[in-house]
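This report concerns only the one structure given below.
Residue numbers (the working numbering), protein chains in the order written: chain E, 67 to 379; chain X, 67 to 379; chain S, 67 to 379.
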């Protein structure tokens, strides 16, 4: 696997889910595979879970890890043909080329501007890295997708489903800040290839990009959407159009135990961090129906399955 | 050992001191014990010695280490039942729960506010971590204690004592900034269980919390306190009441060679960093009576003894 | 080898170049040598290539690595006999002494003030570290030299030379900011001991310190300097006198393909990062005559050769 940026990079996503589950059962079975191999992770915005879980995944495989925060002191130029006489000291051509020589796999976390729609949805920064890297690149979240999170979510659903084809609802929830659409986009595209029935619920105006949402039923009545469902996946995102705007902070969209009771013993999922009593009330997170810690745990095995394919024979 | 936050977490402190000394003699004797085990260290304020020595200790045991500065970009909510709609993006329940899944041991460095006495002396941040962590937690200094430093200090005294029951003086010394009481508190509670005679000397007003200082003789005349003593432990702290205030910066309280000559060939100790010619004059630090580097070195074996107990069978 | 700060620390620089080339061919041949040994790297200014390549070098040798940014929160006092009552919390005597106890090798990156000529050219910070460290110290760039870069450059020239004694030109090129002379100084002193003919070309006023430049021909006509040359090494530096000043930003000094055509199939070298279309035009960097990625790659083996000598018997 030369890159892992979306479900489309994986010929057999269901097999990859099984591989992650198998690694969870036996995390150290490939602990010699990563000998003399190095994962370099570059964070263009801060990270807790992604850094720790991916580093743990690499260590489980016997790899060395070097993590760098590229948030300050390292301004990269991504455009070609520029006269570099301002604040950007290095071009992506050199940066990606150089790091490729020190790494066997490069992990890159980039982020959404929420202002430049075209650049974000071209996943410009991530794709420039891939263009000039000579080793496999794994997305640690990009402007529009968070594939390791989605893979971990698939594992979590697989572990907890009680039906061959569970019903899954992705519900928007309020948040005080404008957030990217990456997790929602990515969750949808992975759910589409899994054996689930997916519905999205959000206030009018929060329709996601057709690139992801096309073909997925929308139910604008959140309570109605929850009825008889097996998994509630909660996430906030800013509007796709007008791009990056907050249209609604209606607290009625918060997930409550009252609403969870509408489901068919449904489980609650969220990718963390989660703002308690804004997106979801304490009672849900503190109850056994919450799978948020399990999702975070599965991040390790999602990353490990991907890295294993990248450094495997 | 499920937690290491104070001397009260250790059933047999003297044995732990011996274990640290034994590890110092043979640092790599357990280098397979930490295989496939990870120490995650979280620093809520910056650290040099603690990070390096604890990381070294973990490496000596064959553990992997992931260090994170949590100083910026990661604001945690520690209170329950809060509507999290301000600057804090994650709750300690999720944070500690998640990190526990990536770590076999969690190290946490927190710090004193010096303004909120109640919160500090409840060791609120550290204790919330422990409450929600599912793996052992080692304090890398908390609001009111610095137990790895104290354990290293016990080792240093044990190595350098020339009498079965040496006399030890903890002396306050001036400092331009308001500092926590953590090192002083912690030193006292460890000395109380060691075979030493402890006296504290400080200007009036610098009495430490009765939680720690009760039963320890105070001598307000520093020169008199030094007479015939075997170990001088120098430290600044701000007042306990009024909490966190600087009451005195009298340069006459600086430790000098002249004062050290009042001791019985006494050794000088300080936990570092130390401000030269403010707390202690150059002549003392540059002479062989100073044990400050030995104390710093013993930090490694103190941490190693604690980690070994945490990951041991 | 107790220190690596300049070519003068190496009795046999040509042999060291050969050792680096040999390690490049077999990077893991000494992967047990670093067992139970730790490299601690301290960065007083940020670093990408140096951190990654040196960390990789240490990992190839089986060492553990601890990297610390000392850019904030750790103000060191380097002068003796100071009353430390201002912003500097720790003295270099303690800092270097303490770190020496946690490290088998210390790497230090310091930087030029470009204002205090005397302090910079005494390499004051680096030399104070060496004075008080009790383990070998490797310079990861200092105020006036960048020896690991120069060693990697020697390897690169050795790999790509087509003549027993190639002609090498160090050419100044414009840059929007005032940069140190370290790379240029260091390149010159390493070239002097290699089998090359070195000429320097720069605008009048950019003469380097006689400590380095003495005996090296200067050609003020850049095009004339390029004629018939085998390697063009491009670098900006600020003036040595008046110290640290920008005297010239003439874009005519940019390296172009047109100028490269004056050489004898000359290769282009630069230590990175490089500002495209300011110091050198895209066409040169994008062509196979550019060796900049190879230079960066050789940083790993340069560091590995030095570390191997430091930890080897």
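Think of the CB as a built atom: it goes at the ideal place given N, C-alpha and C, for glycine as much as any other residue. This one's a predicted model, so the numbers in the text were calculated from it and none came from an experiment.
| query | result |
| --- | --- |
| Using three-state DSSP, classify residue 299 of chain X as helix, strand or coil. | strand |
| Counting Cβ pairs closer than 8 Å, one from the stretch 81 to 88 of chain X and one from the stretch 99 to 107 of chain X, do we hit at least three? | no |
| Here's the rule: buried if 16 or more other CB atoms are within 10 angstroms of the residue's CB, otherwise exposed. What is residue 152 of chain X? | exposed |
| Can you list the residues of chain E that residue 130 of chain X reaches, using a CB-CB cut of under 7 Å? | 125 |
| Determine the extent of the alpha helix (DSSP H) in which residue 164 of chain X is found, giving its start and end residues. | 158 to 168 |
| Just curious, the beta strand (DSSP E) that residue 312 of chain S is in, first and last residue? | Counting along the chain, residue 312 of chain S falls outside any beta strand (DSSP E), and DSSP gives it neither H nor E. |
| Per the contact definition of three or more C-beta pairs closer than 8 Å, is the stretch 360 to 377 of chain E in contact with the stretch 206 to 221 of chain E? | yes |
| Measure the C-alpha to C-alpha separation of residue 214 of chain E and residue 182 of chain X and round it to an integer number of angstroms. | 41 Å |
| Name the DSSP bridge partner or partners of residue 109 of chain E? | E/135, E/175 |
| Anything in chain S within Cβ reach of residue 178 of chain X, meaning under 9 Å, just list it in chain order. | Within chain S, no residue comes near residue 178 of chain X; the closest Cβ sits about 16 Å away, beyond 9 Å. |
| So for residue 196 of chain E, helix, strand or coil by DSSP? | helix |
| Suppose contacts are defined by Cβ-Cβ distances below 7 Å. Is residue 335 of chain E in contact with residue 357 of chain E by that definition? | yes |
| Distance cutoff 7 Å, beta carbons only. Does residue 122 of chain S sit that close to anything in chain E? | yes |
| So the candidates are S/157, S/316, S/75, S/240; which of them puts its Cα closest to the Cα of residue 340 of chain S? | S/240 |
| Which residues bound the alpha helix (DSSP H) around residue 348 of chain X? | 348 to 351 |
| Among X/126, X/116, X/259, which one has its Cα closest to the Cα of residue 95 of chain X? | X/126 |
| For the 8 Å Cβ check, are there 3 or more pairs between the stretch 178 to 198 of chain E and the stretch 298 to 311 of chain E? | yes |
| Pull out every residue of the stretch 82 to 107 of chain X whose Cβ sits closer than 8 Å to any Cβ of chain E, in chain order. | 102, 104, 106 |
| Identify each residue in the stretch 336 to 362 of chain X for which the Cβ-Cβ distance to at least one residue of chain S is less than 8 Å, and report them in chain order. | 338, 339, 340, 341, 342, 343, 344, 348, 351, 352, 358, 359, 362 |
| Per DSSP, what are the beta-bridge partners of residue 116 of chain E in this structure? | Residue 116 of chain E pairs with nothing; no bridge assigned. |
| Can you tell me the Cα-Cα spacing of residue 121 of chain S and residue 134 of chain E, whole angstroms? | 12 Å |
| Any beta carbon of chain S sitting closer than 7 Å to that of residue 242 of chain X? | yes |
| Where does residue 400 of chain X fall in DSSP's three states? | Look at the range of chain X in this structure, 67 to 379, and you will see that residue 400 of chain X is not part of it. |
| Does the separation of the CB atoms of residue 250 of chain X and residue 274 of chain X fall below 7 Å? | yes |
| Kindly list, in the order they appear in chain X, the residues whose Cβ is closer than 8 Å to that of residue 155 of chain S. | 339, 341 |
| Using CA coordinates, which residue listed in X/128, X/237, X/299, X/170 is at the minimum distance from residue 270 of chain X? | X/237 |
| Which residue's Cα is closest to the Cα of residue 170 of chain X: X/147, X/200, X/154? | X/200 |
| Step through the CB atoms of chain E and report whether any lies within less than 7 Å of the CB of residue 313 of chain S. | no |
| Is it true that the stretch 221 to 230 of chain S meets the stretch 187 to 197 of chain S, where meeting means three or more beta-carbon pairs spaced less than 8 Å apart? | no |
| Name the DSSP bridge partner or partners of residue 142 of chain S? | S/156 |
| Considering only DSSP beta bridges, list what residue 284 of chain X is partnered with. | X/266 |
| State the CB to CB distance for the pair residue 173 of chain X and residue 198 of chain X, rounded to an integer number of angstroms; the pair is presumed to be in contact (CB under 8 Å). | Rounded, the Cβ-Cβ distance is 16 Å, inconsistent with contact. |
| List the residues of chain X whose Cβ lies closer than 7 Å to the Cβ of residue 150 of chain S, in chain order. | 341, 342, 343, 344 |
| Report the rounded CA-to-CA distance for residue 313 of chain X versus residue 142 of chain X, giving the unit in angstroms. | 33 Å |
| What are the boundary residues of the beta strand (DSSP E) that residue 333 of chain E is part of? | 333 to 335 |
| Please compile the residues from chain X whose C-beta is within a distance smaller than 9 Å of the C-beta of residue 374 of chain E. | By Cβ distance, chain X contributes nothing, its closest Cβ being about 16 Å from residue 374 of chain E, past 9 Å. |
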